[in-house]
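Let me begin by presenting the structure, written as structure tokens, before commenting on it.
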Amino acid sequence: MKAVDFDYECPASIDEVCRRLAVAGGDAKIIAGGQTLVPLMAMRLARPARLIDINRIAALQGIADRVNHVAVRACTRQAAALDHPAVRARVPLLAMALGFVGHDQTRNRGTIGGSLANADPAAEIGLAALALDAEIEAQSARGTRTIALELFFAGPMETALAPDECLTEIRFPVWRDGMIGTGFQEVSIRRSDFALAAAAVQIARDGAGTCRRIAIAVGGAAPTPIRIAAAERRLLGTRLEEADIDAAAAIVRETVAPLADLHASPAYRRRVAGSLVARALAEAAS
Amino acid sequence: MAAEAPGFRYIARHRRAREHRRFLVGGGRFVADLALPGMLHVALVASPYPQARIARIDATAALAMPGIRAVVVGSDLAQATEPLMSGLDLPKVLRYPLAVGRARYAGEWVAAVVGESRALAEDAAEHVEVEYEPLPHVVDPEAALAAGAPLVHPEHGSNLLYRRRFVWGPVEADFAAAAHRIAYRARWHRSATVPIETFGVLARWDAAARLLDVWASIQMPKFPDQLARALRLPGNGVRTHFDVDVGGSYGGKRGLKHGVLVGYLSRRLGAPVRLIEDRLENLRGGDAHGPDRIFDVEMAFDGDGTVRSMTMRALDDVGAYAGRAPFQLGKPVGAIVGPYRIASVAYEPISVTTNKTPEEAVRGFGQSPTNFAIETGIDLIARRLGMDRVAVRRRNLIRRDEFPYRIPSGSTYDSGDYHAVLDKALAAADHDALVRRRDRARAEGRLAGIGIACCLEPSGGNSSFEPLLNPKNETTTWMESCQVKIDLGGAIVAAMGTSSAGQGHETLVATVVGEILERDPDTVRVVHADSLWALPSNSPVGSRMAIMLGGAAASASRKLKASLMAIAAHQFDVASDALVYRGGDIAVAVDPGRRLAWADLVEIAHRKFHLLPPGMEPGLQAMHVEEVPGGGTLPDADGRVPMYPCYAFEAHVVYAELDRVTGQTRLLNYVCGHDCGVMINPDIVHGMTYGGIAHGIGAALYERFAYDANGQLVSGSFMDYLLPSSHEVPAITIVDHCTPSPLTSFGQKGSGEAGYLGAPAAVASAVNDALEPLGLHIAELPMTPLAIGDLLARSEEGA
Amino acid sequence: MSQHELTVTVNGVCRRARVAARLTLVDFLRDELHLTGTHVGCEHGVCGACSVLLDGRPVRSCLLFAVQAEGAAIVTIEGLSPDPEGLGILQDSFWETHAQQCGYCTPGMLIAAHALLQRNADPSEAEIRDAISGNLCRCTGYQQIVEAVALAARRLRGVNVTEADEHGG
């Protein structure tokens, strides 16, 4: 399982990355953490002629607390994000999600941006990002643009990034009003496997316990992670009692469009997605 | 917690495995660590089709690529080598390392590319052009037996490789006389041992010496012999090095096709050649899958739970070629009734070929699936009668006073106290507390269950299933050897003649030698002889080494001790029985001042011929070749034959909770009661039992080689073939019991399969106990979240 | 084929080499530097047999190309011993509890356990299991490995020094 040969470049700046991507015309792939890309290369399923290594670009590392959002530079290690005080305090849903991502060893290399760019429908980071209406910043030789998360995932393993674009930053909005609760539930066969389905929930309640703001996102149960807006609407203004949660779970089951694979059928994912949302809601409300 | 084994100096005590020190500092010597000057590397071209005629292979482009020395194909091997040996009598089922004329499974190796590096060989492998003509295929074993099924080996005429119905005892009468009967199917899907190290082999042909040196990650009886035969070399033309570290095997590392391939390549190219399977090759084309079994069982029983008789039809899908795997239907004959007093049995093993990766041996050699089938029935009987599952077992377990116990198929269980071990396991698990815990969980709406499984580990490796399933093979010799010498400085060296894969054989031998000679085992060096000078060996299979290697080492050591006694007797001019041997020194019993120290005795033996007893050879060396206890008998007309001599016993008690929606199983408590007689090294035995349980949990819940309708292996990497991690294996408590075997040097029975033999049954028992309040049952492994989730969902919809 | 100059510190020694871009770090360590203690089990980042420390953190060396390790400090199993003859407390604890059988996963396990004990001097059983959950073992069922790490933690803290310590390495 040796990769097909490639040209390797290790630029020192984002501009340089963009320049090389523009020149390569689709023949180049960015390597960040490599935890997903290198196995594909070893299996010769991915065969980039050129690898652009972005791990040495200081400007792509780091986490900044910007009050209304937490900005994570794309090549920040998952382990660094998991341990970062700003993430734990201000974006707890992301911290919860990261606990489910791979292992210690993979988090030491894997990056936040890399996971998002990979766009696995069951990936935890993308799910949390979608729940939080995060924003992606992408740069190319043509300039910089911002992409809302809801427009970012185009299909399984497919994003809105152009072949010459490099993901540079992810901005996770911070919820500042009310009592914030978060829930993250997933089912995988072994604890650290890819999720068969996952649910990310964040709620904000007022002093009376009424839900004033809510986000419900489901992963692994559709070609991309999705928000269940109908379930969110159903729960807004309620006190998240059992009947409300059950109703939301039913809406989830009707909404999702799961794919089949070796480990789970569409029916299984559909059933489980509903229950995971219910459990995540209970977790967020506790 | 080791059970008491009084009276031993070194045996049964904690001792670090000396041979493992090197693993702690990165000093292992695995095949992939070995490099020879000028060594070439192999990459394989595999068939994408489950069955296809190979019309044409064009290697021109591949050969033109950088660093490529050769591309060989099946016809090259067919000309230059003998077909790989099959265990059954199947003259028309031929097998070579590369497909010859026809590919019979997706992943079968069709061409081998040899290059200066693995990467270059892989690059070139992509440019080997193969023209296939796809043919119809079959991957379902029952479909393979149906009329009109595509044939895997047309020359053989059918997909049936073996079928025979054995009837031992008055089965029909016993069924007629019994009050009740149950009939059920138990399905054990394909899984395998899958060690973390793949199979690898390095061969170097020395044309001047006409000798082929082979280093392989091997665990296989008669590998050197079969390799030599296939390569058309005399046995002393192949030197297999057994001092290579094997990174786990548990039965699977047979590697005959790999060995023949690189042996052929090395001779042809005049250079050392090394093949290390990558993981994709290993899982799909390494020919090391395991039992893939459908059991149809009937049990006849009375109202008090006594099982009178059993019929078992065992259909096994060995994949595209036969090898030794069909014998895995024969080995369970040696414990066909499990640990129970079942008076009559009809057993119908059926071996089928399909277009899948070939099976090879898995730990237990078919015993674990069979135990799963039997234990499923015991639990179903309990469910039918509304009886406690422990009580049904107690009623049927062979009692301590009934040993030695002859089972209907001709084997004799040597000793045991099954009830005591079961009691110990239940006590250690605090079974009553578990019942309360389960009932509390159920009251809270959760699915919770306790699993119970009792089973045997036949040990000693009397492989009389060979002549049983293949009457043309009249083999009854199952032996192991040890050579021990004391050098002229008084240091002890022992030699064993086979490989090790972590079972601690060196420590086993050192402990036994040290016990007999009363010398510190840490001072005994144990080496692995290569196949040129190794004495006969059958390799570490069938849980045989403690019995056989231990026995051989003990016998050789006793010979040495007798020589030392004879030297002293001659010196003191007394009879041997007038002497006392202590710690290697020998003194006259009635006059201890007259003594010879170890160093003195050694010196006489090596340098003072004038003081040696007349007729004694100089030096101190002895060897022994041990035949398996009870060995030497061929099957009778009804297929009755003694198999393994010694029977270890295990009782598992497991507590599990199931998630109603996700179908995930969490094992929350695991106790295993284990009795393998005297344990020569308790840590080593415990280690393999923990590992066996983990392996069994994998088979029960996670591992499956799954095929789609197109004959493609869909779980062909570690992303989909799921090995249990430290999260999936719970903390395990082992409680030991010791019922010595009357047949062995120290009362030891074999171990090495323990845990694996009972864990799948135990986990299934727990899952089914959890499902019982819903009236549900599952008898198909692995019990994945999807399988359990769907079962629960269907029942809810029906409700 | 693109070749690159590589300078990397391995077990405290500065090494220089010229490598192909596609050469993975594990293959570089094993085949170029002949440090064969780090093992290959799957080459797709699941089994953990290839674990090494990179700048102090455990990573899967089959998922890095050697060129990516430019300037880094790598520690392999060969670098875990305090001296050529001796065993560290963690290694000795593995030996004492029989935490290895075939030895193939052992280097990766030691790396993972070492990293755990660097950051957590008193890990619970759950924390130990979590720390080694990215390292697959087929022989041991993990039980004696967990015991080894717990023993090593106790010994490193100087608490409840057991008889085993008196026997040393």
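Residue numbers (the numbering used here), protein chains in the order written: chain A, 102 to 387; chain B, 736 to 1534; chain C, 957 to 1125. No residue lacks a Cβ here, since even glycine has one placed at the ideal position from N, Cα and C.
Problem - CB of glutamine 1218(B) within 8 Å of CB of alanine 1229(B), strictly - result: yes
Practice task
Taking only beta-carbon positions, decide if arginine 1013(C) is within less than 8 Å of chain A.
Solution key: yes
Exercise for the section: Whole angstroms is fine: what's the gap from glutamate 1209(B)'s alpha carbon to arginine 1059(B)'s? Expected result: 15 Å
Practice task
Measuring only between beta-carbons, confirm whether histidine 185(A) sits less than 8 Å from chain C.
Solution key: no
Practice task
Could you list which residues in chain A have their beta carbon closer than 8 Å to that of histidine 1462(B), in chain order?
Solution key: Arg291, Arg292 and Ser293
Exercise for the section: On a CA-only basis, which of Glu270(A), Arg291(A) and Ala322(A) is nearest isoleucine 213(A)? Give me that one, please. Expected result: Glu270(A)
Handout entry: Cut-off 7 Å between Cβ atoms - residues of its own chain near histidine 204(A), not counting five sequence neighbours on either side
Key = Ser293
Handout entry: DSSP three-state assignment for leucine 1355(B), whether helix, strand or coil
Key = strand
Handout entry: Any C-beta of chain B under 8 Å from that of leucine 363(A)
Key = yes
Handout entry: Within-8 Å CB hit, arginine 978(C) to chain B
Key = yes
Exercise for the section: Name the residue from Asp106(A), Ser289(A) and Glu266(A) whose alpha carbon lies nearest to the alpha carbon of arginine 148(A). Expected result: Asp106(A)
Handout entry: Proximity to arginine 978(C) [Cα-Cα], best of Glu999(C), Leu991(C), Thr992(C) and Arg971(C)
Key = Glu999(C)
Practice task
Give a yes or no on whether the minimum CB-CB distance between arginine 372(A) and chain B is below 8 Å.
Solution key: yes
Problem - N-terminal and C-terminal residue of the beta strand (DSSP E) that histidine 915(B) is part of - result: 915 to 923
Practice task
Could you list which residues in chain B have their beta carbon closer than 7 Å to that of tyrosine 109(A), in chain order?
Solution key: Within 7 Å Cβ-Cβ: nothing; tyrosine 109(A) doesn't reach chain B, min ~15 Å.
Problem - Rounded separation between valine 835(B) and glycine 1001(C) - CA only - result: 35 Å
Exercise for the section: Please confirm whether serine 1017(C) and threonine 980(C) have their CB atoms less than 8 Å apart. Expected result: yes
Problem - Residues in the region 115 to 149 of chain A having any Cβ partner in chain C nearer than 7 Å - result: Gly135, Gln136, Val139, Pro140, Ala143 and Met144
Handout entry: Residue span of the alpha helix (DSSP H) that contains methionine 1065(C), given as start and end
Key = 1062 to 1075
Exercise for the section: Reducing DSSP to helix, strand and coil, say where glutamine 1100(C) ends up. Expected result: helix
Handout entry: Reduced DSSP secondary structure (H/G/I, E/B, other) of alanine 738(B)
Key = Interpretation of alanine 738(B) is limited by its pLDDT of 45, a score under 50 that renders its predicted location unreliable; no figure is taken from the coordinates.
Handout entry: Alpha-carbon to alpha-carbon, arginine 1048(B) and valine 902(B)
Key = 12 Å
Exercise for the section: Scan the region 1038 to 1059 of chain C for residues whose Cβ lies nearer than 7 Å to a Cβ of chain B and list them as they occur along the chain. Expected result: Leu1043, Gln1047, Phe1050, Trp1051, Glu1052, His1054, Gln1056, Gln1057, Cys1058 and Gly1059
Problem - Whole-number beta carbon distance between alanine 1126(B) and glycine 1040(B), since they are thought to touch under 8 Å - result: 7 Å
Practice task
Could you tell me if lysine 827(B) is buried or exposed, where buried requires 16 or more neighbouring beta carbons within 10 angstroms of its beta carbon?
Solution key: exposed
Handout entry: Where the alpha helix (DSSP H) containing leucine 1191(B) begins and where it ends
Key = Not the alpha helix (DSSP H): leucine 1191(B) falls in the beta strand (DSSP E), residues 1182 to 1194.
Exercise for the section: Ignore the nearest five residues each way along the sequence and tell me which others in lysine 988(B)'s own chain have a CB closer than 6 Å to its CB. Expected result: Phe934, Ser952, Ile953 and Gln954
Practice task
Below 7 Å between beta carbons is the criterion; list the residues of the region 1423 to 1456 of chain B that meet it against any residue of chain A, in chain order.
Solution key: Tyr1437, Ala1441, Val1449, Ser1450 and Asp1455
Problem - Cutoff 8 Å: arginine 971(C) Cβ touching any chain A Cβ - result: no
Practice task
Have a look at valine 807(B) and glycine 994(B) and give me their C-alpha separation to the nearest angstrom.
Solution key: 15 Å
Handout entry: Reference glycine 1114(C), options Cys1058(C), Ile1045(C), Cys1095(C) and Thr1053(C), closest by Cα
Key = Ile1045(C)
Handout entry: First and last residue of the uninterrupted alpha helix (DSSP H) at methionine 197(A)
Key = 193 to 199
Practice task
Quick one: residues in its chain with C-beta nearer than 6 Å to the C-beta of aspartate 221(A), no 5 flanking neighbours on either side, listed in chain order?
Solution key: none
Exercise for the section: Indicate the three-state DSSP secondary structure (helix, strand or coil) for asparagine 1404(B) in the structure shown. Expected result: strand
Practice task
Please report how far the alpha carbon of alanine 1332(B) lies from the alpha carbon of histidine 1263(B), in whole angstroms.
Solution key: 29 Å
Problem - In DSSP terms, what glutamine 1447(B) is bridged to - result: Its beta-bridge partners do not exist; DSSP assigns none.
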